[in-house]
Amino acid sequence: MSEEELSNATYNTGPGWKVGLAITLAFVFAAGAFISGIQLGKGLSVGDTQTAGLFSFLSHEPATETTEGEPDLTEFWRVWDLLEEKFVSGSTTKVSAKDRVQGAIEGLVDSYGDPYTVYLPPTEAEAFNENISGNFSGVGMEVGLRNGFVTVIAPLPDTPAERAGVLAGDVVVEIDGKSTEDMGVDAAVKLIRGERGTEVVLKMYREGEMEFIEIPIVRDTIDIPTVKTEQIDDTFIIALYSFNAIAEEQVFNALREYQKSGVENLVLDLRGNPGGFLQGAVGIASYFLPAGKVVVREQVSFGTDDEVFRSRGKQVQLFDPEHLVVLVDNGSASAAEILAGALQDHGVATVMGSQTFGKGSVQELVKLDEGSSLKVTIARWLTPNGTSISDGGLTPNIVINRTPAQRLAGEDPQKDAAVRFLAGEEVVSETYEDQVAADKSASSTETGE
Numbered sequence: 001m002s003e004e005e006l007s008n009a010t011y012n013t014g015p016g017w018k019v020g021l022a023i024t025l026a027f028v029f030a031a032g033a034f035i036s037g038i039q040l041g042k043g044l045s046v047g048d049t050q051t052a053g054l055f056s057f058l059s060h061e062p063a064t065e066t067t068e069g070e071p072d073l074t075e076f077w078r079v080w081d082l083l084e085e086k087f088v089s090g091s092t093t094k095v096s097a098k099d100r101v102q103g104a105i106e107g108l109v110d111s112y113g114d115p116y117t118v119y120l121p122p123t124e125a126e127a128f129n130e131n132i133s134g135n136f137s138g139v140g141m142e143v144g145l146r147n148g149f150v151t152v153i154a155p156l157p158d159t160p161a162e163r164a165g166v167l168a169g170d171v172v173v174e175i176d177g178k179s180t181e182d183m184g185v186d187a188a189v190k191l192i193r194g195e196r197g198t199e200v201v202l203k204m205y206r207e208g209e210m211e212f213i214e215i216p217i218v219r220d221t222i223d224i225p226t227v228k229t230e231q232i233d234d235t236f237i238i239a240l241y242s243f244n245a246i247a248e249e250q251v252f253n254a255l256r257e258y259q260k261s262g263v264e265n266l267v268l269d270l271r272g273n274p275g276g277f278l279q280g281a282v283g284i285a286s287y288f289l290p291a292g293k294v295v296v297r298e299q300v301s302f303g304t305d306d307e308v309f310r311s312r313g314k315q316v317q318l319f320d321p322e323h324l325v326v327l328v329d330n331g332s333a334s335a336a337e338i339l340a341g342a343l344q345d346h347g348v349a350t351v352m353g354s355q356t357f358g359k360g361s362v363q364e365l366v367k368l369d370e371g372s373s374l375k376v377t378i379a380r381w382l383t384p385n386g387t388s389i390s391d392g393g394l395t396p397n398i399v400i401n402r403t404p405a406q407r408l409a410g411e412d413p414q415k416d417a418a419v420r421f422l423a424g425e426e427v428v429s430e431t432y433e434d435q436v437a438a439d440k441s442a443s444s445t446e447t448g449e
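Using our numbering, you'd call the opening residue of the sequence shown number 1 and step up by one each time.
Written out as structure tokens, the structure reads:
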């Protein structure tokens, strides 16, 4: 994969870029169950019955008649027999029937065209279970597929990836010298993570840079904070890094700290938050919304009623968009988008920052026989007003960008703008292109070009 190919791939991390549905989200860190819309064992609507049904269809008998909706597998078995009879392998190891069945299942799942619906053979299922349980070491960043490229969604705070200089939007070109071209997220995750204390070298493409960047990172056990608070002048800031099992309680404690501070203005910082448990988003939204207000709609299928999740009525005080700002960026995903969308739609907050990630679907993890699993999309999330989160993410009320140059310099124009806005100053939406041009102009001035 060349720099020219990357540059010509309509790849853009700016707020106008629509991520659509062609995104696969995975996580490369060690602690915390960041499950982002995955339902573990809830209902298991695709269970033993359907699994048994699948293999009953694979009985090796030519079908003479099919009913509507039931597949005719005559052609499948014809190809199976032709391969068995004619194929000459370049290897001495024969492909087993089990491997062929798994390959057929993977092809069946791929035919649905949903990057979140994935068949996991036993080894990949085991790795996935380790991923969500946090029983491994990593580098502390979220990666996903954007426009076909393995891309950093966000480095997590105070992790090896962040300390090494990894930025949101970086495209992973090579992992320890191995090209990621045509590589899936699961395969990339497997290469990136490893034993604590070992090193992985990532070659990155970064927008605006003329050459690839090589970043060595030493793997470590990742201990990610859930909440951090700070106060700037008359503004209290709550940064929420994940929707894990303790997020709801910790946000409540942070809100009590905010009330005791005596200041009126509040910033809820959801930048770089990959999401987590849906109920955590509903619970935290309940601190800001009156009882009964819609937090999110879960669309199971067209033509059926949405499942509606409502505020539980734990509102700590009345909020308004002049005194509450929610910060988001392209690393805000899943439950973070649900919370931001609910507060935006109900008019209790001003959402500020850049376009969010666009992860708005629910997956169910179904355990199959012999250690394999099926991760299948069973629902999609809509904001209270009916906006699909998957359709390009959320657009802030006020767009303020933070470019790679600003991140590397430790500058935070998004947080600065939020503080100024809450102090009564006028803050105007900007375009990503204008900000990049300003960065280039400043860089040229510094170098005397």
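Quick reminder that beta carbons are idealized off the backbone N, C-alpha and C, glycines included.
- Counting the other CB atoms within 10 Å of its CB gives alanine 333 a total of 16 or more, which places it among the buried residues.
- Taking the CA atoms as reference points, arginine 163 sits about 16 Å from serine 137.
- Just measuring C-alpha positions, the residue of Val101, Leu202, Glu126 sitting nearest glutamate 174 is Leu202.
- Positions of the beta strand (DSSP E) runs, each at least 3 residues long and wholly inside the segment 253–278, are given as 265–269 in order along the chain.
- When the Cα atoms are used, phenylalanine 149 and serine 388 turn out to be separated by approximately 24 Å.
- Going by beta carbons, serine 286 and glutamine 315 fall inside the 8 Å limit.
- Assignment of glutamate 174 by DSSP, reduced to helix, strand and coil, places it in the strand class.
- Spatial neighbours of glutamate 370 in its own chain (CB-CB distance under 7 Å, excluding positions within 5 residues in sequence) are listed in chain order as Pro122.
- Among the bridge pairs identified by DSSP, tyrosine 205 is matched with Val171.
- Counting only runs of 3+ residues, the beta strand (DSSP E) found wholly inside the segment 336–400 occupies 350–353, 361–367, 373–382, in chain order.
- Close CB contacts of alanine 247 within its chain, under the 6 Å cut and outside five residues either way in sequence, are with Thr226, Gly280 (chain order).
- Burial is judged here by how many other beta carbons sit within 10 angstroms of a residue's own beta carbon; methionine 210 has fewer than 16 and is exposed.
- Separation of valine 308 and isoleucine 215 (C-alpha to C-alpha, rounded to the nearest whole angstrom) is 44 Å.
- Within the DSSP bridge table, the entry for aspartate 220 names Gly138 as partners.
- Separation of the CB atoms of valine 139 and alanine 161 is rounded to 4 Å, and the pair is thereby assigned contact status at 8 Å.
- Cβ neighbours of glycine 184 within its own chain (closer than 6 Å, five residues either side excluded): none.
- Take threonine 377, set aside five residues on each side of it, and the residues of its chain with a beta-carbon closer than 6 Å to its own are Asp114, Tyr116, Thr117, Ser361, Gln363, in chain order.
- The criterion of a C-beta distance shorter than 8 Å is not satisfied by threonine 350 and glutamate 337.
- Here valine 427 really is in contact with phenylalanine 421; their C-beta atoms are around 4 Å apart, less than 8 Å.
- Between the alpha carbons of proline 404 and aspartate 223 lies a gap of roughly 25 Å.
- DSSP, read as helix, strand or coil, puts proline 155 in strand.
- Shortest Cα-Cα distance from arginine 219 to any of Ser179, Thr235, Ile192, Arg206 involves Ile192.
- The count of Cβ pairs closer than 8 Å, one atom from the segment 259–275 and one from the segment 412–419, reaches three, so the stretches are in contact.
- Each residue's CA atom was taken as its position, placing leucine 167 and aspartate 81 some 50 Å apart.
- Per the coordinates, the alpha-carbon of aspartate 233 lies some 21 Å from the alpha-carbon of glutamine 317.
- A direct Cα-Cα distance of roughly 20 Å separates serine 96 from leucine 73.
- Note on geometry: alpha-carbon atoms of threonine 151 and valine 200 lie some 16 Å from one another.
- Taking 8 Å as the cut-off, the beta carbon of valine 328 is found no closer than this to the beta carbon of arginine 407.
- For glutamate 230 and tyrosine 241, the gap between their C-alpha atoms comes out near 14 Å.
- Among the bridge pairs identified by DSSP, leucine 324 is matched with Leu266.
- For the options Lys359, Glu322, Lys367, the alpha carbon positioned closest to that of valine 348 is the one of Glu322.
- Sequence-distant Cβ neighbours of valine 419 in its own chain, meaning closer than 6 Å and more than five residues away, are Ile232, Thr235.
- For asparagine 147, the closest alpha carbon among the candidates Asp320, Gly392, Glu430, Glu425 is that of Gly392.
- Membership of isoleucine 238 in the beta strand (DSSP E) is indicated by the continuous run 235–240.
- For the pair arginine 310 and valine 294, the CB atoms are nearer than the 8 Å cut-off.
- According to the DSSP assignment, threonine 74 belongs to no beta strand (DSSP E) but to the alpha helix (DSSP H) extending over 74–86.
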